[in-house]
Structure formats: C-alpha cells, structure tokens
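Here the structure comes first, spelled out in structure tokens, and everything after it is commentary.
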Amino acid sequence: AKAAGRNQVKFFDPLMQASLSARAALETELREAITHRHFLLYYQPQVDASGLLIGAEALLRWEHPHKGLITPGRFIAEAESSGLIIAIGQWILRTACEQLVTWSQQPGYADLPLSVNVSARQFHHPDFVADVLHILKETGANPERLGLELTETLLAEDMDTLIEKMKALRTHGIRFSLDDFGTGYSSLSYLKRLPLDQLKIDQSFVQDLLDDPNDATIVKTILALGSSLDLEVIAEGVETAAQRDALLTFGCHCFQGYFFGHPGPAEKLPSTLDP
Ligand code: C2E
Ligand code: CA
Ligand code: CA
Ligand code: CA
333 AKAAGRNQVK FFDPLMQASL SARAALETEL REAITHRHFL LYYQPQVDAS
383 GLLIGAEALL RWEHPHKGLI TPGRFIAEAE SSGLIIAIGQ WILRTACEQL
433 VTWSQQPGYA DLPLSVNVSA RQFHHPDFVA DVLHILKETG ANPERLGLEL
483 TETLLAEDMD TLIEKMKALR THGIRFSLDD FGTGYSSLSY LKRLPLDQLK
533 IDQSFVQDLL DDPNDATIVK TILALGSSLD LEVIAEGVET AAQRDALLTF
583 GCHCFQGYFF GHPGPAEKLP STLDP
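FYI, the numbering for the sequence shown is 333 to 607, going by the numbering used here.
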C-alpha cells in the first residue's frame, strides 16, 4: 500500500507528467519516422597515417519534416527504452549493407570497410544474429566489409551469450570494435575474452590530449593494450593537426574526426584524403 501511495504521488507530479508526455510524444514521432522512412545514414571517413581512406562509420540522422536534421543524441535513448531501436536498427543495417553493395561497384571504394553502431538492446535481442545474416544475404553485401561497433554497456549482461553471438557473426567475416573505449567499466580480463578486432579511443581523451597529461597517459595505455592484445586502435574525435601528430608519436595509425572529415552523405565521402 505504501509503494502504491508513492506511485500515486509520482503520477501527479506535474514535472514528471511533463517529461512523461514529452517522451510519449517523441515515441509517437519516432514511430512515424519509421513508417515514413525519415531516417538517413551519414558517413564519416576513417584514415591511416598517410591520410588514405581506410574505412567509414555510419551515423544515424533523423530528417524531421519540421525540425530539420536531428542527431542521435536527442532520440537514441528514447528509441532504446521504447524498443523502437529494434526496427530502426534493422533499417540501419539494411541501409549500410546497401551502401556496401553500391561501393563494391565504385572504383576507389570497392573494398571499403563500413562500421555500424549497434546498441546494447539491439545486440541482446534473441534474433540479432539471424537478422544480420538475413540482411547480408538479401542485400548481397560482403560480410567481410561490415564492422559492428559495440559499447561497454553490453558487458553488463551475460558474457557467454555475448561472446557466442560475436563468434557466430565473426565466422562470416564480420568485424567488431569496442566503441568509446576507456569510458566504461570493462576489466582487462573481459577485454581478453571478447573476440574483438578494434578498440576506438573515446574522443574525450583525444580532446584534451595536448593539455592534460592524464589523458595522454590513458591514450598511450590504450595503444599499448591494443598492441599486446593484437587489436587495431583508432582514435576518435581528432580535430586538429596537432592532435593527429601527437597521436602519431604515440604510435596511433588510425584516425577519425572533423580534421579528416565531418559525417555527410555517402556521395560526399572522398575516396582519398590528404590533409
Ligand atoms: P559515436 O558512435 O561515438 O560516434 C561519434 C560521434 O562523434 C558522432 O556523433 C560524430 O558525428 C561525432 N564526431 C565525429 N568526429 C568528431 C570530432 O572531431 N569532434 C567532435 N566533437 N565530434 C565528432 P553523432 O553522429 O551525433 O552520434 C552520436 C552517438 O549516437 C554515436 O556516438 C553513437 O553512440 C550514437 N549513434 C549514431 N548513429 C547510430 C546508429 O546508427 N545506431 C546506434 N545504435 N547508435 C548510433
Ligand atoms: Ca561509434
Ligand atoms: Ca565513439
Ligand atoms: Ca580530460
């Protein structure tokens, strides 16, 4: 009775009501966006030490009929909590695979790897592996060109199932990156067990690399970790030549960030980059 009483109080809290109705409105709008296909994928270049294009990351955008282009920070959390991320995630994977097929026929892009962000709820869905394989088959995309970016939030759940799913997809050639690395709670023993290919240094460490010795130390540590575990390491959020140069002296050879290119439509992705 006491618990019910507390719920009553919460229910009539006007602030709570406002945020609940705002969330309900966002959910309704997201449902409409799914129905009317108001999403699109942007692509951001990833480059090596010589500025050569080595891959791209697909980044979701919502083309809102009245509010313009909306970035995922404003709706991905609601998409996850409402479960709509499952439908949106399927659209993302299909669109990314279609892009891989388009690139496979274009000189300069034929073997370009594409990374797709996968949210925890999406990955943990029992049909995730089957869905990915089905989409690959339907589109005819080469699984060896597809990478999936996972975050450390996934590690909160059953490790054995997580590893099993990763391995099932990896037998088809799909690669895995651990995104936002360094911001979560993954222990070193977890890291060793996960069948990963790449670590992505979180942009917060790159941002202050030149001013904050702690961040420089973290970046160096991640690079050492990557080399001892035989994982590729890519630095995210590289905005200046000075940041790139510092990263180079630390032994980092893969980069992504505004310095090399902003996310944009596929047609705007340069086939070679030499800043
Ligand atoms: P993320 O996966 O860490 O993606 C990198 C974010 O940093 C992107 O923001 C990108 O536009 C931005 N960025 C790239 N270079 C720079 C730079 O040099 N400086 C700065 N300050 N920012 C840079 P975006 O596109 O707004 O995406 C935000 C987050 O939303 C992503 O973070 C990812 O967690 C999520 N997200 C994006 N697309 C998808 C998707 O297709 N599916 C899922 N589940 N999540 C997505
Ligand atoms: Ca990412
Ligand atoms: Ca990231
Ligand atoms: Ca810092």
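Where is the CB? At the ideal position from N, CA and C, for every residue including glycine. The structure displayed is predicted, hence computed values, not measured ones.
The segment 433 to 446 contacting the segment 401 to 420, beta-carbon criterion three pairs below 8 Å: no
Coarse secondary structure for R303, derived from DSSP in three states: Here the chain comprises residues numbered 333 to 607, so residue 303 is not present and cannot be evaluated.
Nearest residue (CA-CA) to M491, options G440, Y522, F592, A567: One-based indexing of the sequence shown puts residue 491 at position 159. Residue Y522 is the option with its Cα nearest to M491.
Buried versus exposed call for N546 [16 or more other C-beta atoms within 10 Å across all chains shown]: Along the sequence shown, one-based indexing puts residue 546 at 214. With fewer than 16 Cβ atoms within 10 Å of its Cβ, N546 is classed as exposed.
E389 Cβ short of 8 Å to ligand 2 heavy atom set: Counted from its first residue, the sequence shown places residue 389 at position 57. Yes - ligand 2 has a heavy atom lying nearer than 8 Å to the Cβ of E389.
Cβ-heavy atom distance, S447 to ligand 2, below 8 Å: Here residue 447 refers to the residue found at position 115 when the sequence shown is read from its first residue. Within the cutoff, so yes.
Distance cut-off 8 Å: R485 Cβ against heavy atoms of ligand 1: As a working mapping, residue 485 is identified with position 153 in the sequence shown. Reading off the sequence shown, one finds Thr at residue 485, where the question assumed Arg. No, ligand 1 has no heavy atom inside 8 Å of this Cβ.
Any non-hydrogen atom of ligand 1 closer than 8 Å to Y374 Cβ: Residue numbering aside, residue 374 sits at position 42 when the sequence shown is read from its first letter. For ligand 1, at least one heavy atom lies less than 8 Å from the Cβ of Y374.
Residues near ligand 5, criterion Cβ-heavy atom distance below 7 Å: Inclusion of ligand 5 in the displayed structure is not the case, the ligand content consisting of ligand 1, ligand 2, ligand 3 and ligand 4 alone.
Proximity below 9 Å, CB of F444 to CB of H504: Within the sequence shown, the letter at position 112 stands for residue 444. Within the sequence shown, the letter at position 172 stands for residue 504. Here residue 444 is Leu; the residue named in the question, Phe, does not match the sequence. Their beta carbons are not under 9 Å apart, which means L444 does not touch H504 by this criterion.
Length of the line joining the Cα atoms of L520 and L561: Here residue 520 refers to the residue found at position 188 when the sequence shown is read from its first residue. Here residue 561 refers to the residue found at position 229 when the sequence shown is read from its first residue. C-alpha separation (whole angstroms): 10 Å.
Heavy atom of ligand 2 within 8 Å of E564 beta-carbon: Numbered from its first residue, the sequence shown carries residue 564 at position 232. Result no, Cβ not under 8 Å from ligand 2.
Contact test: E359 Cβ vs ligand 2 heavy atom, cutoff 8 Å: Taking the first residue of the sequence shown as position 1, residue 359 is located at position 27. No.
Pairwise C-alpha distance: K399 and H368: As a working note, residue 368 is residue 36 in the sequence shown. As a working note, residue 399 is residue 67 in the sequence shown. In a straight line, the C-alpha of H368 is about 15 Å away from that of K399.
Length-filtered (4 minimum) alpha helix (DSSP H) runs lying within the segment 445 to 526: 452 to 456, 460 to 471, 491 to 502, 520 to 525
Length of the line joining the Cα atoms of I533 and L580: Working through the sequence shown from its first residue, we reach residue 533 at position 201. Working through the sequence shown from its first residue, we reach residue 580 at position 248. Taking the straight line from one Cα to the other gives about 14 Å.
Under 9 Å between C-beta atoms of A462 and I424: For the purposes of this step, residue 462 is taken as residue 130 along the sequence shown, with counting starting at 1. For the purposes of this step, residue 424 is taken as residue 92 along the sequence shown, with counting starting at 1. Contact: no.
Whole-Å CB distance - F508 paired with L528, under 8 Å assumed: Position 176 of the sequence shown holds residue 508. Position 196 of the sequence shown holds residue 528. The pair is a contact, with the Cβ atoms about 5 Å apart (cut-off 8 Å).
Limits of the unbroken alpha helix (DSSP H) element including D547: Taking the sequence shown and counting its residues from 1, one reaches residue 547 at position 215. That run of the alpha helix (DSSP H) goes 545 to 560.
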